[in-house]
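Each residue of the sequence shown is one higher than the one before, counting from 69 in this note's numbering.
Even for Gly, the Cβ is constructed at its ideal location relative to N, Cα and C.
Just so you know, these numbers come straight off a predicted model, no measurement behind them.
Shown next, in C-alpha cells, is the structure this report addresses.
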Amino acid sequence: MTGPGSKISGIADPALLNKVDKLFASGVGEYVSLPQIVAVGDQSSGKSSVLEALTGLPFPRDSDLCTRFATQIRFCRAPKPEISISIIPASGSSGEHVEACTAWSKSGLEDLDPETFSSIMREAHTIMGIDGGITFSDDVLRIEIYGPDQEHFSVVDVPGIFRKTTEGVTTKADKKKVEAMVRRYMENPRSIILAVVPANVDIATQEILTMAEEVDPDGHRTLGVLTKPDLVDRGAESALISLVEGKRHKLTLGWCIVRNPGQSQLENSSVNREAIETAFFQDNLPWNTLEKDRVGISSLRLRLQEILASNIRREFPKVKYEIHKKLNARRKLLDNLGAKRETADEQRQYLLGISERFQKFVMSALSADYVGDDWFDKFPNLRFATAVVNRNEALAKMLAQYGHSYIFDRERRVSAEDGDQCDSSEDGDENDEEIERQISVRAQEDPEGLDELPPGENTIVSQTPRGIFKWLSRVYETSRGFELGTFDGSLLAMTMKTQSSKWEPIAVGYINDIISMAHTFVRDLLHLVCPNLRVWEGLMSVLMDELLAKYKAALGYVRFLLHVERTGTPATLNHYFADNLEKCRQKRIRADLQEKTFADCSHGEVVRLEDIVQNHHTSNVEHVVQEIHDILESYYKVARKRFADNLCMQAADYHLVTGPCSPLRFFGTAFVSNLSEEQLMDIAGEDAASRTKRAALTKEIADLEAGKKIVS
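Structure below.
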C-alpha cells in the first residue's frame with residue numbers, strides 16, 4: 069500500500085521520529101505530552117478522505133463504522149513490509165478491559181484492502197465495547213505500517229464533532245464526550261492541530277476553529293485544511309483565496325487546500341486521485357493562482373512532515389527532561405507510600421523501618437548532634453536537648469527568684485568574698501520594691517491530646533513579702549511547747565512547708581512544659597519519618613495511651629518529690645547546711661556588734677568586752693526565732709537546690725527524656741514486635757485507595773522507565 073514514503077524523501081532524523089513513536093507505544097503519552105499531529109474536524113468536513121489520501125488507508129465509509137475512537141497511524145521504515153494493529157486501553161480502564169484490549173492484535177499483514185480493514189474495524193468495535201451499549205470509546209486503535217519505502221510519519225485521527233444528535237445512534241452525552249475527547253487531544257501543548265474545514269461553508273460557523281482558537285489562541289500550532297473547493301459557490305472563491313494566502317484568519321502554520329474525490333471516483337479503483345486533484349488546481353481559476361506548496365494532498369503531506377519534524381526537534385529535549393522529572397516525582401510518591409504491606413510480615417517490616425529512622429533521629433536530638441540532618445534547621449522544635457537545658461535553667465532561676473514565700477532577713481547580707489551560702493539576694497531580695505503581678509510558670513502551650521492530664525496552676529504572685537521575723541515569731545508563739553532555749557523539730561517542717569508553698573506550681577508548670585515539649589517532639593518527628601497520614605494517625609492512636617501513662621508517671625513523681633521536700637522530715641547530709649548555718653550565726657553576731665565598734669590606731673576596729681556581753685542579752689523568744697530563721701534559711705537553700713536537681717534529673721530527664729522508659733524511646737523495635745496482626749493491619753495495612761494508588765504509580769514508573777531508556 070502507498071504511504072508518505074512512497075511520495076516524499078525523508079526530512080527529519082528517522083531515529084528521533086522513531087523514538088517518539090516508541091514513546092507512544094510504551095504509554096508515556098499518558099503522562100508526558102508528546103509531539104504529534106491530530107486531525108480534527110466535524111463529521112462532514114471530509115477529514116476521513118484527507119487522512120485516506122495522506123496515509124493510503126482505505127477508511128470504511130459505512131455509517132456504522134465511522135470514527136468512534138482515536139486512531140493513531142504510524143509509518144516506519146523497515147526492510148520488510150508489514151502492518152500491525154493493536155488497541156491501547158484508555159487510562160483508568162478495568163483490569164478485565166485492559167486484558168481484553170492487550171490480548172487482541174493483528175500482525176503480519178502485508179496489505180489492507182477495504183474489506184479486510186472494515187472487518188478489523190468491526191472487531192475493534194467489539195473489543196472496545198462499542199457494540200455493547202457505548203457509542204464512543206477512549207481506547208486508541210494503533211496502526212503501524214512498516215516498509216522499505218516508508219518514511220517516519222504519524223498522525224492521530226479523532227472522532228468528528230457533531231452539532232445534532234441522531235435518534236437511536238447518538239445522544240447529547242455522546243456529543244459532549246466527543247467534544248471532550250477532541251479537546252483533550254488538542255490541548256496537548258506539543259500537538260500540531262490539523263483543522264479540516266469544508267470550503268463550501270462559512271468558516272466563521274465552524275466549531276472546530278473556535279475550539280482551536282481556545283486551546284491555541286496565537287495560532288502557533290494550528291494548520292488549517294480546506295476541503296471541497298469544487299463545491300464552492302461562484303463568487304465565494306475570493307474569500308477562500310484570501311484565507312489560503314494568509315490575508316485573514318491568520319495562522320502561523322498557514323492554510324492548505326485539497327480536493328477530495330467524489331463518491332463515484334472513490335468507487336472506481338482505477339481513478340488516480342492525485343492526478344484528478346492536480347488537474348483541478350491547474351485548470352480552474354482562481355485556484356491555479358495559489359502557491360503550489362499550498363494546494364493538493366502532496367503539498368499537505370510534505371508540509372505536515374516538515375512541521376512534525378521541526379516540532380519533534382524543538383520539543384524532544386523538553387520531553388526528555390519532563391520524563392526524568394516525572395519519573396523522579398513518581399518514585400518519590402511511591403517511596404512516601406513505603407514498602408508494599410499486604411501481609412503482617414510486610415506491615416511489621418514497614419513499621420520497623422519507621423521506628424529505626426525515628427530512634428536514629430532521637431539519638432541525634434538527645435546528643436545535640438544537629439549537623440547530620442537538615443530537619444534540625446527546618447524544624448527548630450526538634451532540637452530537644454537544647455530546649456530541655458534552657459527550660460532547666462529557667463526552672464532554677466524561677467525557684468531562686470520567686471520560690472520562697474518570705475524574704476530572709478536582709479540585714480545579714482554578705483559581701484562577695486563571703487560566698488553565696490548566706491547571700492539573701494539570691495533568693496529575691498532585689499524584688500522588695502517590685503509591684504505585685506502574676507508570673508506565668510509555663511513556657512509552652514499544651515499540644516492537642518493532653519487534655520487527660522490534670523491541670524496545674526499557671527501563675528504565681530511575683531512579689532515576696534518582708535516580715536519574716538514577725539511570721540516566725542507568730543508561728544513559734546502559737547506552736548511552742550516546754551522546750552527551754554530551743555524549739556521543737558516540727559517547727560522547721562512547718563515553716564519549710566510555708567516557705568516553699570510556691571514550689572508546687574513552679575514544679576508542676578516545669579514538668580508540664582517538658583511533657584509538652586516531649587509530646588510535640590514525638591508527634592512532629594513521627595510525622596516526618598512517616599509522612600503517610602493514615603499510618604501516622606494509626607501509630608499515634610496506639611502510642612497515645614502509653615504516652616499519657618508516662619506523662620502521668622512523671623507528674624506523679626513530681627508530686628512525690630514535693631511531698632518529700634515539703635511535708636516530709638527535713639533532712640540533709642550536705643555539709644553546706646552546717647557551713648551556711650555557722651556563717652549565718654557569725655554574720656548575725658558581726659551585724660549586732662557593728663554599731664559598738666570604734667577605731668584604734670594600733671588594732672583597727674575594736675569592740676569592748678562589756679559591749680559583747682550586753683549585746684547578747686536578748687530575750688529567749690528572740691533568740692529562738694533568730695535560730696529558727698537561720699536554720700530555715702540554711703536548710704531552705706540546700707533543699708531548694710536539691711529539689712531543682714531532682715526535678716531535672718529524676719522527674720524530667722529519667723521519666724521523659726533519656727530514661728529507658730522515656731516516651732522518646734517507646735516507639736522502637738520492641739513496640740513494633742509486640743503488635744498483634746490485627747493492630748498491624750489497623751496501623752500499617754493499606755486501604756483500597758492506597759493499593760490503587762500504589763498500582764497506578766508502579767505502572768506509571770514502569771512506563772516512564774521504559775520511556776527513559778528510549779530517550780537515552
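What does the Cβ neighbour count give for Asp442, buried or exposed, with the cut at 16 atoms within 10 Å? exposed
Original post:
With a Cβ-Cβ cutoff of 8 Å, do Ala511 and Arg459 count as a contact?
Top reply: The Cβ atoms of Ala511 and Arg459 sit closer than 8 Å to each other.
Candidates Val543, Ala639, Asn328: which alpha carbon is nearest Val692's?
-> The residue among Val543, Ala639, Asn328 with its C-alpha nearest the C-alpha of Val692 is Val543.
- Item | Inter-stretch contact (C-beta, 8 Å, three-pair minimum) for the region 166-175 and the region 102-118 | Cβ pair count under 8 Å is below three, so no.
Once you ignore the five residues that flank Phe384 on each side, which residues in its own chain have a CB closer than 8 Å to its CB? Excluding positions up to five away in sequence, the list reads Leu84, Lys87, Val88, Pro103, Val779.
Between the C-alpha atoms of His595 and Lys394, what's the straight-line distance to the nearest angstrom? 25 Å
| query | At which residue ranges does the region 265-350 contain complete alpha helix (DSSP H) runs of 4 or more residues, listed in the order of the chain? | reply | 275-283, 305-312, 331-335
Helix, strand or coil at Tyr544 [DSSP, three-state]
helix
ask   = Where does Gln506 fall in DSSP's three states?
value = Annotated three-state conformation of Gln506 is strand, per DSSP.
Along the chain, where does the beta strand (DSSP E) that runs through Val224 open and close? 221-225
Discussion item. Assuming contact is defined by CB atoms lying nearer than 8 Å, are Arg708 and Gly471 in contact in what I supplied?
Written reply: yes
Report the residue from Glu313, Thr320, Ile309 whose alpha carbon sits nearest the alpha carbon of Asn352. Ile309
Roughly how many angstroms lie between the CA atoms of Leu311 and Ala304, to the nearest whole one?
12 Å
Exercise for review: Compare the C-alpha of Ala138 against each of Phe429, Cys652, Arg252 and name the closest.
Suggested key: Arg252
Rounded to the nearest angstrom, how far is the Cβ of Val590 from that of Pro731, given a contact under 8 Å? 6 Å
Near Phe230, which residues of its chain fall below 8 Å by C-beta distance, leaving aside the five closest residues on each side in sequence? Asp110, Gln111, Thr238, Lys243, Val246
Considering only the alpha carbon of each residue, which of Leu321, Leu376, Glu313 lies closest to Leu355?
Here the sequence assigns Trp to residue 355, which means Leu is not the residue at that position. Out of Leu321, Leu376, Glu313, Glu313 has the C-alpha closest to the C-alpha of Trp355.
inquiry  = Is it buried or exposed, Leu641, if we count other Cβ atoms within 10 angstroms and call 16 or more buried?
reply    = exposed
Quick check on the burial criterion: 16 or more other C-beta atoms within 10 angstroms. Buried or exposed for Glu745?
exposed
field: Segment contact, 8 Å Cβ cut-off, at least three pairs: the region 515-534 with the region 562-577
entry: The answer is yes - the region 562-577 touches the region 515-534, with three or more Cβ pairs under 8 Å.
Where the beta strand (DSSP E) containing Gly163 begins and where it ends:
Run containing Gly163: none in the beta strand (DSSP E); it sits in the alpha helix (DSSP H), 163-171.
So the candidates are Thr234, Glu690, Met196; which of them puts its Cα closest to the Cα of Arg537? Here residue 537 is Phe; the residue named in the question, Arg, does not match the sequence. Ranking Thr234, Glu690, Met196 by Cα distance to Phe537 puts Glu690 first.
* To do: Report the partner residues of Phe429 according to the DSSP bridge assignment.
  => The bridge partners DSSP lists for Phe429 come to none.
Which stretch, first to last residue, makes up the alpha helix (DSSP H) that contains Ile195?
182-196
For the alpha helix (DSSP H) holding Gln469, just list the boundary residues, first then last. First-last of the alpha helix (DSSP H) with Gln469: 452-470.
* To do: Can you tell me the Cβ-Cβ gap for Asp592 and Phe447, rounded? I've got them flagged as a contact below 8 Å.
  => 6 Å
> How should Cys716 be labelled, buried or exposed, when 16 other C-beta atoms within 10 angstroms of its C-beta is the threshold for buried?
Replying inline: Counting Cβ neighbours within 10 Å, Cys716 comes out buried, since at least 16 surround it.
Notebook entry, point to check: Checking contacts by CB at 8 Å: is Arg505 closer than that to chain D?
Noted result: The structure shown contains no chain D; it holds only a single protein chain.
- In terms of alpha-carbon separation, which member of Asn580, Pro126, Thr566 lies closest to Glu520? Asn580
Ser259 versus Ile105, Gly624, Leu748, residue with shortest Cα-Cα distance = Ile105
Using CA coordinates, which residue listed in Leu122, Ser187, Ser159, Ser161 is at the minimum distance from Ile153?
-> Ser187
Q | Backbone CA spacing between Lys777 and Gly97 [nearest angstrom] | A | In this model, Lys777 and Gly97 are separated by some 15 Å (Cα to Cα).
message: Considering only DSSP beta bridges, list what Gly97 is partnered with.
response: Note: Gly97 sits in no beta bridge, so no partner.
DSSP three-state label for Lys408, please.
coil
Please list, in chain order, all residues of the same chain as Thr233 whose beta carbon is under 8 Å from its beta carbon, the five residues on each side excluded. For Thr233, where only same-chain residues beyond five positions count, the Cβ hits under 8 Å are Thr239, Lys240, Asp242, Lys243.
> For Met254 versus Ala280, is the C-beta distance shorter than 8 Å?
Replying inline: yes
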